[in-house]
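**Student:** As they're listed, the protein sequences go chains A and B. Residue numbers for the first sequence follow our numbering, beginning at 1 and rising by one. Residue numbers for the second sequence follow our numbering, beginning at 264 and rising by one. Heads up, the beta-carbon is just placed ideally off N, CA and C, and yes, glycines get one too.
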Amino acid sequence: MRRAAFPLLLGAALAVTLAFLVLPIVAILTDVPPGDLLSSLDDASARDALRLSLETSLTSLAIIVAVGTPAAWMLATRRFPGRAIAITLVELPLVVPPAVAGIGLLAALGPNGILGGALQDAGVELVLQTAGVVVALTFVASPFYVRQAIAAFEGVDTRVLEASRTLGAGEARTLARVALPAARPALAAGAALAWGRALGEFGATLMFAGSFRGVTQTAPLAIYERFGTDFTGALALSAVLVVLSGVLLAVVKLVGRSEHAAR
Amino acid sequence: MRRATLMLTAVALLLAGCGGGGKGRASTATGARTAPAPAPDLTVAAAASLKTALTAYAGSVTYAKPRFSFAGSDALAAQIRAGVRPDVFAAANAALPESLHADGLVGVPVPFATNRLVVAVPAGGRGRVRALSDLAVPKVKIAIGSPSVPIGAYTRTVLSRMPAESRAAVMANVRSEEPDVSGIVGKIAAGAVDAGFVYASDVRASGGKLKAIALGPELQPEVVYEAAVVDGAKHPAEARRFVAGLRTGAGAQALRRAGFLPAP
């Protein structure tokens, strides 16, 4: 009797968790008739917002992967003083509220910020620009990838890496030919999470980059703008994001699984 | 996401046994526990521009503990339409409370203050905008409200009263359409834009960070704030008292101090 109780408790906890997490998503999709979903995409400003969201989130993802991968490799393969602090700092944006990220970016890179003058002299303009959206997305989304990448590289069998080095391959070649292929499913999962986070970013973008159609108004900002006047339109745009994020997650899971099976 | 919050709130309220829709349930289930609370929580959904004034007013309210939700009036109205039931809705225009009233969601709206639109610039005179005409100078950066929020609608009224040429030049300089006045004030204070259209009271509330450039009477729109008791309010008596105080009592004084003018 007592033995049966605990698994029951686990099952109940899982059921509550699933219901809690899935209910809002289901509500969005059931509230929007498929016809409205498609007609909401007829709206030019909605399309602008989705296009901008895709462009900025993919740009920031490219930056995150390009810079984050070698940084994660270093953190995963070397032991040096301050490494634990470095990892904590990398993870900090995960727990910093987006509004705080926005304020921080303004204080750092804004016209009156600590690097504002230098950026201005260099002719770089970020605030209220599309580039500013990319900066905000990169800030909030990068830990999702870098964390996963560190774990992925740490999971690669060190004997394989040593073998590669013994056979004469340099570190860069070992990273590219051995570690990256081995870690690819995990890296893809991290990239998908980072992309999803970037796609949904709201607070930091609004504070640092503002909201202007076609320039800085990403899909989440457009949803918020519609919320006041056009709830159906806001729901429809939300549904598009839900579908997009769902497909994204599913693709990553499938890719990860098939690579796993292939090995 | 917002919908999720609404649902969670609804679930939480139901669990607590004091949901807005379940009055009978509230009195039976938790009547004993929450019964004669001397100062109940009074939820006030108010326009972001009212923040300073209402926060000051709350200090003198003894019959209830006001809990504020400040945001763009349009977002708050949308929450009410989606089933959120604050006790009081105080908007930066008359249109939103009137339309909620027409749909039977709030009581009769009461005008309680007026405000003026101004162009706000950073104090200290270092900025690029020193007169209204500077707004049309190329490369000047301006923040305004989005069309759905009252400050954005008023701003568009002002712009529509300008000659077509300067209107186009000013609109071409708009860099951000913010969801509420706090966003506009923040962008000016952070130096992200050179100027923005806000209420005179926002400049007062900035504590010397911003300076106002007045609009001529030919441009000035009529800015009337209206408040209403929300139908299904948990504490209607306190809500009515709170709204009445906005017109004549401590609320009116706080509004005057914050730079609002009396209602017509």
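Among residues of its own chain, excluding the 5 on either side of A:Ile150, which ones have a beta-carbon nearer than 6 angstroms to its beta-carbon?
**Tutor:** Closer than 6 angstroms at the Cβ level, and outside the excluded window around A:Ile150, lie Ala72, Leu75 and Ala76.
**Student:** Using the Cβ count rule (16 or more neighbours within 10 Å means buried), how would you classify B:Gly294?
**Tutor:** Here B:Gly294 scores only 41 on pLDDT, less than 50, and its place in the model is too uncertain to base an answer on.
**Student:** Which two residues bound the contiguous beta strand (DSSP E) that contains B:Pro329?
**Tutor:** Lys328 to Ala334 is the extent of the beta strand (DSSP E) around B:Pro329.
**Student:** For B:Glu361, collect the residues of the same chain with a Cβ closer than 8 angstroms to its Cβ; drop the 5 residues on either side in sequence, then sort them by chain order.
**Tutor:** So the list reads Pro372 and Glu489, once near-sequence residues are dropped.
**Student:** Rounding to the nearest angstrom, what Cα-Cα distance links B:Val324 and B:Phe505 in this structure?
**Tutor:** Taking the straight line joining both Cα atoms gives about 8 angstroms.
**Student:** Let's see if you can read the secondary structure: which residues bound the alpha helix (DSSP H) around A:Asp157?
**Tutor:** Looking at the DSSP string, A:Asp157 is not in any alpha helix (DSSP H), and its letter there is neither H nor E.
**Student:** A:Thr59 and A:Ala136: beta carbons closer than 8 angstroms?
**Tutor:** Not in contact: A:Thr59 and A:Ala136 (Cβ atoms no closer than 8 angstroms).
**Student:** Would B:Arg438 count as contacting chain A if we go by Cβ distances under 8 angstroms?
**Tutor:** Yes - at least one Cβ of chain A is within 8 angstroms of the one on B:Arg438.
**Student:** Consider the Cβ of B:Asp337: report whether some Cβ of chain A lies at a distance smaller than 8 angstroms.
**Tutor:** With 8 angstroms as the cut-off, B:Asp337 counts as an interface residue toward chain A.
**Student:** Going by DSSP, name the residue or residues bridged to B:Asn436.
**Tutor:** According to DSSP, which records beta bridges pairwise, B:Asn436 is partnered with nothing at all.
**Student:** Locate the alpha helix (DSSP H) running through B:Lys450, then write down its first and last residues.
**Tutor:** Its alpha helix (DSSP H) spans residues Val444 to Ala452.
**Student:** Would the beta-carbon of B:Val403 be found less than 7 angstroms away from any heavy atom of the ligand MG?
**Tutor:** Inclusion of the ligand MG in the displayed structure is not the case, the ligand content being empty and no account of it being possible.
**Student:** So, do the stretch 494-513 of chain B and the stretch 385-404 of chain B have three or more beta carbon pairs nearer to each other than 8 angstroms?
**Tutor:** Segments in contact, no.
**Student:** Could you give the distance in angstroms between the alpha-carbon of B:Ala521 and the alpha-carbon of A:Leu18?
**Tutor:** One C-alpha to the other measures close to 48 angstroms.
**Student:** With distances taken between CB atoms, is the gap from B:Asp337 to B:Arg391 smaller than 8 angstroms?
**Tutor:** No, Cβ-Cβ distance for B:Asp337 and B:Arg391 is not below 8 angstroms.
**Student:** Report the rounded CA-to-CA distance for B:Ser290 versus B:Leu380, giving the unit in angstroms.
**Tutor:** Low confidence applies to B:Ser290: its pLDDT is 40, below 50, so where it sits in the model is not reliable, and the reading given next is rough at best. Cα to Cα, the separation comes out at about 46 angstroms.
**Student:** Hey, B:Ala327 and B:His498: beta-carbon distance below 8 angstroms or not?
**Tutor:** Cβ atoms of B:Ala327 and B:His498: closer than 8 angstroms.
**Student:** Spell out whether any CB of chain B is found under 8 angstroms from the CB atom of A:Phe231.
**Tutor:** Yes, contact with chain B.
**Student:** Return helix, strand or coil for B:Gly408, following the three-state DSSP convention.
**Tutor:** Correct three-state label for B:Gly408: strand.
**Student:** If you drop the 5 nearest sequence neighbours on each side, which residues of the same chain put their C-beta closer than 8 angstroms to that of B:Leu478?
**Tutor:** Excluding positions up to five away in sequence, the list reads Arg379, Leu380, Val381, Val382, Leu395 and Val421.
**Student:** Evaluate A:Arg226 with the Cβ neighbour count: other Cβ atoms within 10 Å of its Cβ, from every protein chain shown; 16 or more gives buried, anything less gives exposed.
**Tutor:** Buried, because 16 or more other Cβ atoms sit within 10 Å of the Cβ of A:Arg226.
**Student:** Would you list the one or two residues that DSSP bridges to B:Glu489?
**Tutor:** In the DSSP output, where bridge partners are listed per residue, B:Glu489 has B:Ala354 and B:Pro374.
**Student:** Beta carbons nearer than 7 angstroms to chain B: which residues of the stretch 101-130 of chain A have them?
**Tutor:** Listed by position along the chain: Leu106, Gly110, Pro111, Asn112, Val127 and Leu128.
**Student:** Which one of A:Val247, A:Val240 and A:Ala250 has the shortest CA to CA distance from A:Thr30?
**Tutor:** Minimum Cα distance to A:Thr30 is reached at A:Val240.
**Student:** By how many angstroms is the C-alpha of A:Val242 removed from the C-alpha of A:Ile25?
**Tutor:** Near 7 angstroms, if we compare the C-alpha coordinates of A:Val242 and A:Ile25.
**Student:** Could you spell out the range, first to last residue, of the alpha helix (DSSP H) harbouring A:Gly190?
**Tutor:** Where A:Gly190 is concerned, the enclosing alpha helix (DSSP H) stretches over Leu180 to Gly200.
**Student:** Would you say B:Gly284 reaches chain A, if we count a Cβ-Cβ gap shorter than 8 angstroms as a contact?
**Tutor:** Residue confidence is low: B:Gly284 scores 36 on pLDDT, short of 50, so the model does not pin down where it sits. No coordinate-derived value is stated.
**Student:** What residues match up with B:Ala309 in a beta bridge as DSSP calls it?
**Tutor:** Answer by DSSP bridge pairing, in chain order: B:Phe333 and B:Ala353.
**Student:** Do we get a CB-CB distance below 8 angstroms when we pair B:Pro442 with the residues of chain A?
**Tutor:** Yes, its Cβ sits closer than 8 angstroms to a Cβ of chain A.
**Student:** Do the stretch 138-157 of chain A and the stretch 192-199 of chain A meet, that is, are 3 or more Cβ pairs less than 8 angstroms apart?
**Tutor:** Result yes; three or more Cβ-Cβ pairs closer than 8 angstroms.
**Student:** Output yes if chain B places a C-beta closer than 8 angstroms to the C-beta of A:Gly246; else output no.
**Tutor:** Taking Cβ atoms only, chain B never reaches closer than 8 angstroms to A:Gly246, which makes this a no.
**Student:** In the stretch 361-384 of chain B, which residues sit with their C-beta less than 9 angstroms from some C-beta in chain A, listed in chain order?
**Tutor:** Listed by position, the residues of the stretch 361-384 of chain B near chain A (Cβ gap below 9 angstroms) amount to none.
**Student:** Do we get a CB-CB distance below 8 angstroms when we pair B:Ser411 with the residues of chain A?
**Tutor:** At least one chain A Cβ lies under 8 angstroms of B:Ser411.
**Student:** Below 9 angstroms between beta carbons is the criterion; list the residues of the stretch 204-227 of chain A that meet it against any residue of chain B, in chain order.
**Tutor:** Under the 9 angstroms Cβ criterion, the stretch 204-227 of chain A contributes Leu206, Met207, Phe208, Ala209, Gly210, Ser211, Phe212, Arg213, Val215, Thr216, Gln217, Pro220, Leu221, Ile223, Tyr224, Glu225, Arg226 and Phe227.
**Student:** Is the Cβ-Cβ distance between B:Val461 and B:Ile447 less than 8 angstroms?
**Tutor:** Yes; because the gap between Cβ atoms is below 8 angstroms, this pair is in contact.
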